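**Student:** In our numbering, the protein residues as written are 1 to 44. Here a beta-carbon is modelled for each residue, glycine too, at the ideal position from N, C-alpha and C. Just so we're clear, the structure is a prediction, and the values are computed from it rather than from any experiment.
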Amino acid sequence: MHTASSPAPSESPLTQAPIPQEAFDWYDEYAHGIIDRRTFMSRL
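Next up, the structure:
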């Protein structure tokens, strides 16, 4: 059986900006109940 090869995901160009560290920090605060969802979303 022959299948067409497709480029590996690592070969595709990166089109998105990296996520800033503070976004991870805000999610951590949200996940641990320090801030509510509305506050988390407003910071994004």
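1) Can you name, in chain order, every residue of its own chain whose Cβ lies under 7 Å from the Cβ of Tyr-30, other than the five neighbours on each side?
2) Helix, strand or coil, according to DSSP, for Asp-28 in the structure here?
3) Rounded to a whole number of angstroms, what is the C-alpha to C-alpha distance between Ile-19 and Ser-42?
**Tutor:** Looking at the atomic coordinates:
1) As a position in the sequence shown, residue 30 is number 30, starting the count at 1. If we look at Tyr-30 and ignore the five residues flanking it on each side, its Cβ neighbours are Arg-37 and Phe-40.
2) Mapped onto the sequence shown, residue 28 falls at position 28. Asp-28: helix per DSSP, three-state reduction.
3) Working through the sequence shown from its first residue, we reach residue 19 at position 19. Working through the sequence shown from its first residue, we reach residue 42 at position 42. Here the alpha carbon of Ile-19 sits roughly 16 Å from the alpha carbon of Ser-42.
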